[in-house]
Structures are given as structure tokens and as C-alpha cells.
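A.B. asks:
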Amino acid sequence: MDLLDRYLHAVKFWLPKAQRQDIVSELSEDIRSQIEDKESELGRALTEAEIEATLVRIGRPVLVASRYLPQRHLIGPALFPIYVFVLKIVTACYLVPWILVGIGLLLYSPGYRAAHGGGWFRALGTIWGGFWMTALVAAGAVTAVFAALERGASKPEFLENWNPRRLPPVRDPNRIPRGTSILELAVNIVFASWWILFMSTPTVLNRPDIQITLAPGWIYFFWGYLILAAANIATAGANLLQPNWTRTTAGLRLVTNLCGSALFCVLCQSDILLTISLAVDGATNGQKIADAINMWASRALPFAAGVGLLVLAVDLRRLIRVKAA
Amino acid sequence: MTHVTDTSSAYENLRLELRRGCLALAVLAALRAEQYGYSLRKILADRGMAIDENTLYPLLRRLETQGLLVSEWREKDKRNKRFYRLSHDGKLVLKQLLADWQGINASLSAVL
Numbered sequence: 045m046d047l048l049d050r051y052l053h054a055v056k057f058w059l060p061k062a063q064r065q066d067i068v069s070e071l072s073e074d075i076r077s078q079i080e081d082k083e084s085e086l087g088r089a090l091t092e093a094e095i096e097a098t099l100v101r102i103g104r105p106v107l108v109a110s111r112y113l114p115q116r117h118l119i120g121p122a123l124f125p126i127y128v129f130v131l132k133i134v135t136a137c138y139l140v141p142w143i144l145v146g147i148g149l150l151l152y153s154p155g156y157r158a159a160h161g162g163g164w165f166r167a168l169g170t171i172w173g174g175f176w177m178t179a180l181v182a183a184g185a186v187t188a189v190f191a192a193l194e195r196g197a198s199k200p201e202f203l204e205n206w207n208p209r210r211l212p213p214v215r216d217p218n219r220i221p222r223g224t225s226i227l228e229l230a231v232n233i234v235f236a237s238w239w240i241l242f243m244s245t246p247t248v249l250n251r252p253d254i255q256i257t258l259a260p261g262w263i264y265f266f267w268g269y270l271i272l273a274a275a276n277i278a279t280a281g282a283n284l285l286q287p288n289w290t291r292t293t294a295g296l297r298l299v300t301n302l303c304g305s306a307l308f309c310v311l312c313q314s315d316i317l318l319t320i321s322l323a324v325d326g327a328t329n330g331q332k333i334a335d336a337i338n339m340w341a342s343r344a345l346p347f348a349a350g351v352g353l354l355v356l357a358v359d360l361r362r363l364i365r366v367k368a369a
Numbered sequence: 697m698t699h700v701t702d703t704s705s706a707y708e709n710l711r712l713e714l715r716r717g718c719l720a721l722a723v724l725a726a727l728r729a730e731q732y733g734y735s736l737r738k739i740l741a742d743r744g745m746a747i748d749e750n751t752l753y754p755l756l757r758r759l760e761t762q763g764l765l766v767s768e769w770r771e772k773d774k775r776n777k778r779f780y781r782l783s784h785d786g787k788l789v790l791k792q793l794l795a796d797w798q799g800i801n802a803s804l805s806a807v808l
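Chains A and B are the protein sequences, given in the same order. Quick note: my numbering has the first sequence finishing at residue 369, numbered continuously throughout. Quick note: my numbering has the second sequence finishing at residue 808, numbered continuously throughout.
Below, the structure written as C-alpha cells:
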């Protein structure tokens with residue numbers, strides 16, 4: 045019975061001290077009775093392999109012991125969905141911006157790179173390590189708060205006392221609020237008017253004290269954005285009349301945003317600012333300012349592309365949802 | 697293949713759920729007469745309600761903690777065994793549960 049003793053000892057290890065002996069004595073009695081019954085049925089002593097098979101059937105010691113323990117959880121089923129929801133919010137509103145800011149600083153701030161190890165890879169490693177530490181602390185803090193809530197009361201008050209009238213109204217994701225369409229229409233009309241009035245020629249500012257001239261290629265951007273504004277006005281107008289996203293309007297919005305983002309990325313890279321003439325500082329300083337602005341515009345490309353991709357993902361999701369509906 | 701596996705897994709889960717509710721009632725009913733763990737298991741198995749040791753002993757402990765059973769260690773066949781029987785409260789609860797069971801059985805029969 046060496047095998048049985050070893051088994052019982054292993055079960056005992058996982059049991060609460062106060063009940064250990066009692067539970068193991070009872071389990072031992074049961075298993076010995078099973079073995080005796082089997083032996084009298086076979087008319088011989090069980091082999092070690094047969095005893096082993098019996099113990100395997102009963103189960104791994106830790107599992108057997110766990111059946112005697114109270115069901116325990118850090119965060120119970122009532123709070124768990126809220127816990128997951130809060131973790132998602134923390135990820136979206138804290139961790140994602142954190143990593144994006146870190147990457148931005150890594151790309152554009154030599155001082156930041158120098159302070160975090162010097163080279164690109166060292167700085168990236170430091171940011172990555174810092175990110176995981178931040179993520180762990182954030183997740184740990186949320187978990188600790190929910191675990192405290194779970195321990196504090198069997199059912200938190202906000203789960204017990206609630207009013208169905210306070211539930212948010214059901215929102216149709218394909219419905220476009222009229223206020224949104226009106227605002228969109230107004231913004232695009234104002235933008236298009238300003239664009240036509242002030243941005244139609246490469247010389248966008250021509251005062252005695254300052255002249256700003258854009259590159260000749262500006263004309264393409266002018267017409268490009270004007271057409272996009274017209275398309276947005278058409279979409280907003282259609283949405284005002286038919287306040288639900290349709291395949292046509294959702295598709296048109298996707299195309300205009302795609303074109304707008306692509307155009308903006310090209311604009312960032314095109315050294316669009318040709319000259320800035322300042323009456324006080326003279327042409328040399330003006331040219332330096334123009335070059336600096338062009339350089340920063342060029343450096344803004346990854347951000348512009350990132351924002352563009354985000355907008356396109358939202359548009360694409362909308363289009364898929366409309367198609368599914 | 698996946699559908700078949702899902703169906704059999706769903707059946708197994710539902711069967712376990714169905715049995716879980718009945719087991720406590722069967723154990724309480726069987727303990728109207730004093731039994732020790734292994735003899736109780738054999739009685740239940742003979743009557744078609746087989747229950748494994750990992751389910752029975754934790755259940756007996758829960759029922760005893762709830763005051764529905766009383767137990768004592770005694771020697772029988774040269775071995776110490778723990779004998780269980782219904783407490784006074786256990787008898788009252790069993791009576792109520794049996795009434796509920798009959799009600800559920802009648803309702804279910806009407807539905808079926």
C-alpha cells in the first residue's frame with residue numbers, strides 16, 4: 045500500500061490544516077474499501093498496476109483536494125464583465141497613448157533618445173520595458189480595486205440598487221444624428237468658402253510686412269481639397285435627408301477620407317512652403333523659417349499616416365456594418 | 697465533426713447539471729438510515745445514482761456544515777469509519793425538498 049500512502053500524503057498537502065486528517069482518513073477508508081471489494085471479486089490481491097489505475101481514476105491529488113476547498117475567486121462573476129470593460133478603457137485611454145507618445149519621442153527627440161540609453165535600439169528597449177511596467181502597474185491597480193470591491197461586500201450597492209429608467213437609450217449605429225450632419229455641412233461650407241477665397245493662389249499671404257508663397261504644385265492640393273470638401277458637403281446633405289448610413293454614403297465617406305489622408309501625406313512631403321518674406325528679418329531668415337516648417341511637416345508624416353489609418357479603419361468598419369445590415 | 701463534439705459536450709454539461717441538483721436530494725434521502733461513505737456510495741450506485749468519491753465526500757461535508765447531517769467516527773470491521781445520518785433540520789429540509797421535487801416532476805411531466 046506504499047502507493048496509496050504516497051497518494052494520500054500528496055492529497056493531504058493541499059488540504060487546509062484543520063481538516064486534513066479528517067478528510068484523508070475518510071478518503072483512505074473509501075479507497076481501501078474499493079480495493080478490498082475488487083480483491084474479493086477477483087479472489088487475489090491487486091497488483092500495483094491495478095492500484096495505480098484506481099488512483100489515476102480518482103484523480104490528481106491537487107484536484108481531489110480542491111473539491112474540498114471553498115470556491116474562491118479574486119473577482120467574482122458579477123463584477124468580472126465590468127472589470128474587463130475597465131481594463132479595455134485603461135488600455136485604450138492610457139496604455140495606447142502612452143506607447144504612441146513614447147514612439148513619437150523616440151522618433152523625433154534626440155534628447156529623449158540620449159536620456160534613454162543613447163541609440164535607437166537601447167531607447168526602444170527602455171521604452172518597451174517601461175511600457176510593460178506601466179501596463180502591469182495599471183492592470184494591477186485595477187485588479188486590486190476590483191478585488192477590494194469583491195471582498196468589501198457580497199454584492200456592491202450599485203449592483204443591487206438600480207433603476208431601469210437610467211439605462212442608456214438603444215443606439216442604432218447606422219443612424220446619423222441630424223445635428224452631426226448639420227454641423228458637418230456647416231463646417232465644410234465654411235471651409236470651402238475660406239479655401240476658395242484665401243487659398244486659391246500660391247501666394248496665400250501678401251501684406252507689406254509679410255509674404256508667404258507656396259510651391260507651384262499647390263494648385264493640385266487646392267483642387268484636391270476643394271473636391272473633397274464638395275464631396276463631404278454632398279455626403280452631409282444626403283445624410284441630412286436620409287439619416288442612416290447606406291452603402292453609397294458609407295463608401296463615399298471611405299473614399300473621401302482615403303483621398304484626404306493620402307493627399308495630406310503627400311502634402312507633408314512636398315516642401316510646399318516656397319518662401320516666407322519678412323519685412324523686418326529679411327529674406328534669409330524667412331527662407332530659414334520656410335525650410336524649418338517644411339522639415340517639420342515632413343517629420344509629421346508618420347503621425348499623419350497613423351491618424352489617416354485610424355480614420356480609414358473606422359470608415360471601413362462602418363461600411364462592413366452597413367453591408368451586413 | 698466539431699458540431700458532433702460540441703453537441704456531445706453540451707449534452708455532458710447539461711447531464712452533469714441535471715444530476716448535480718438531484719444528488720443532494722438522493723444523498724439526504726439515503727441518509728434517513730445511517731451510512732458511512734463507502735456504503736452510501738454502494739447503495740446509491742445499486743439504485744442507479746452512482747456518485748464518485750470526489751463528489752460525495754465534499755457534498756457530505758457541505759451538508760454537515762449546513763446542519764443537515766450529523767456524523768461520528770466509529771469502528772466497524774476493524775476500521776474507523778465515519779457514519780452519517782440526517783439531523784433534525786435535515787429531516788425537515790428533506791421533506792420540503794421532496795415536496796418540491798414532486799412538484800417539479802409533475803410540472804415537467806406536463807411539459808414533456
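All C-beta atoms, glycine included, are put in the ideal place defined by N, C-alpha and C.
If we count Cβ pairs, one from each stretch, closer than 8 Å, do we get three or more for the region 780–791 of chain B versus the region 751–768 of chain B?
C.D. replies: yes
A.B. asks: Could you have a look at A/Y112 and say whether DSSP puts it in helix, strand or coil?
C.D. replies: On the first sequence, position 68 is the one that residue 112 of chain A refers to. Looking at A/Y112 - three-state DSSP - the assignment turns out to be coil, as it is neither helix nor strand.
A.B. asks: Comparing C-alpha positions only, which one of A/Q65, A/G161, A/F190 sits nearest to A/P125?
C.D. replies: Translated into the one-based positions of the first sequence, residue 125 of chain A becomes position 81. For the residues A/Q65, A/G161, A/F190, the minimum Cα distance to A/P125 belongs to A/F190.
A.B. asks: Please list, in chain order, all residues of the same chain as A/A16 whose beta carbon is under 6 Å from its beta carbon, the five residues on each side excluded.
C.D. replies: No information on residue 16 of chain A is available, as it lies outside the stretch 45 to 369 that chain A covers here.
A.B. asks: Let me see if you follow: with CB-CB separation under 7 Å, is B/G717 close to chain A or not?
C.D. replies: Walking along the second sequence from the start, residue 717 of chain B turns up at place 21. B/G717 is outside the set of residues whose beta carbon lies under 7 Å from a beta carbon in chain A.
A.B. asks: Can you tell me whether DSSP reads A/N35 as helix, strand or coil?
C.D. replies: Absent from the structure is residue 35 of chain A, since the part of chain A shown begins at 45 and ends at 369.
A.B. asks: Would you verify that the beta carbon of B/R778 is, or is not, closer than 7 Å to some beta carbon of chain A?
C.D. replies: Here the question's residue 778 of chain B lines up with position 82 in the second sequence. Cβ-Cβ to chain A under 7 Å: yes for B/R778.
A.B. asks: With C-beta atoms as the reference, is A/L47 less than 7 Å away from A/I95?
C.D. replies: Here residue 47 of chain A refers to the residue found at position 3 when the first sequence is read from its first residue. Here residue 95 of chain A refers to the residue found at position 51 when the first sequence is read from its first residue. Contact flag set, yes.
A.B. asks: Kindly provide the ranges of any alpha helix (DSSP H) runs that are 4 or more residues long and lie completely inside the region 149–178 of chain A, ordered along the chain.
C.D. replies: 154–159
A.B. asks: Step through the CB atoms of chain A and report whether any lies within less than 7 Å of the CB of B/E749.
C.D. replies: Counting from one through the second sequence, the residue named residue 749 of chain B turns up at place 53. So yes, B/E749 belongs to the interface.
A.B. asks: Under the three-state reduction of DSSP, which class applies to B/R737: helix, strand or coil?
C.D. replies: What you label residue 737 of chain B is simply residue 41 of the second sequence in a count that begins at 1. Helix, per DSSP.
A.B. asks: With H, G and I counted as helix, E and B as strand and the rest as coil, what does DSSP make of B/R781?
C.D. replies: Taking the second sequence and counting its residues from 1, the one referred to as residue 781 of chain B is at position 85. B/R781 falls in the strand class under three-state DSSP.
A.B. asks: Is any beta-carbon of chain A found at less than 7 Å from that of B/G733?
C.D. replies: In the second sequence, counting from the first residue as 1, residue 733 of chain B sits at position 37. Yes, contact with chain A.
A.B. asks: Could you work out which residues of chain B lie near A/D74, taking near to mean beta carbons separated by less than 7 Å?
C.D. replies: On the first sequence, position 30 is the one that residue 74 of chain A refers to. G733, Y734, E749, listed in chain order.
A.B. asks: I'd like to know whether the C-beta of B/Y753 is nearer than 7 Å to at least one C-beta of chain A.
C.D. replies: Here the question's residue 753 of chain B lines up with position 57 in the second sequence. Closer than 7 Å: yes.
A.B. asks: Between A/G161 and the rest of its own chain, which residues show a CB-CB distance below 8 Å, the 5 nearest in sequence each way excluded?
C.D. replies: Numbered from its first residue, the first sequence carries residue 161 of chain A at position 117. Around A/G161: A167, G169, T170.
A.B. asks: Starting from the Cα of A/I271, find the closest Cα among A/T292, A/A348, A/T300, A/V128 and give me that residue.
C.D. replies: The residue given as residue 271 of chain A occupies position 227 in the first sequence. Selected option, being the one with the closest Cα: A/T300.
A.B. asks: What three-state label does DSSP hand A/Q286 in the structure shown?
C.D. replies: For the purposes of this step, residue 286 of chain A is identified with residue 242 of the first sequence, where counting begins at 1. In this structure, A/Q286 counts as coil in the three-state DSSP scheme.
A.B. asks: Please list the residues of the region 87–120 of chain A that have a C-beta atom closer than 7 Å to any C-beta atom in chain B, keeping them in chain order.
C.D. replies: Per Cβ criterion, the list reads I102, G103, V108, R111, Y112.
A.B. asks: Just how far apart, CA to CA, sit A/T98 and A/K56?
C.D. replies: Here residue 98 of chain A refers to the residue found at position 54 when the first sequence is read from its first residue. Here residue 56 of chain A refers to the residue found at position 12 when the first sequence is read from its first residue. Using only the alpha carbons, I get a separation of about 18 Å.
A.B. asks: Could you spell out the range, first to last residue, of the beta strand (DSSP E) harbouring A/Q63?
C.D. replies: Indexing the first sequence from 1 puts residue 63 of chain A at position 19. No beta strand (DSSP E) contains A/Q63, which DSSP labels as neither H nor E.
A.B. asks: Alpha carbon to alpha carbon, how far is A/W289 from A/L249? Give it in angstroms, no decimals.
C.D. replies: Residue 249 of chain A sits at position 205 when you count from the first residue of the first sequence. Residue 289 of chain A sits at position 245 when you count from the first residue of the first sequence. So the alpha carbons of these two residues sit roughly 40 Å apart.
A.B. asks: Specify the secondary structure class of A/S314 as computed by DSSP and reduced to three states.
C.D. replies: For this step, residue 314 of chain A is matched to residue 270 along the first sequence. Note: A/S314 maps to coil in three-state DSSP.
A.B. asks: Are the C-beta atoms of A/S77 and some chain B residue less than 7 Å apart?
C.D. replies: Sequence index remark: in the first sequence, residue 77 of chain A carries index 33 (1-based). Yes, because at least one Cβ of chain B sits closer than 7 Å to the Cβ of A/S77.
A.B. asks: Does the contact criterion of 3 or more C-beta pairs under 8 Å hold for the region 714–725 of chain B versus the region 346–359 of chain A?
C.D. replies: no
A.B. asks: I want to know whether the region 332–346 of chain A touches the region 312–322 of chain A - three or more CB-CB distances under 8 Å.
C.D. replies: yes
A.B. asks: Counting along the chain, where does the beta strand (DSSP E) carrying A/I256 start and finish?
C.D. replies: Counting from 1 along the first sequence, the entry for residue 256 of chain A is found at position 212. Counting along the chain, the beta strand (DSSP E) containing A/I256 begins and ends at 254–258.
A.B. asks: Bridge partners of B/N776, per DSSP?
C.D. replies: In the second sequence, residue 776 of chain B corresponds to position 80, counting from 1. DSSP lists B/E771 as partners of B/N776.
A.B. asks: Using a Cβ-Cβ distance cut-off of 7 Å, determine whether A/E385 contacts chain B.
C.D. replies: Here chain A has residues from 45 to 369 only, and residue 385 of chain A is not among them.
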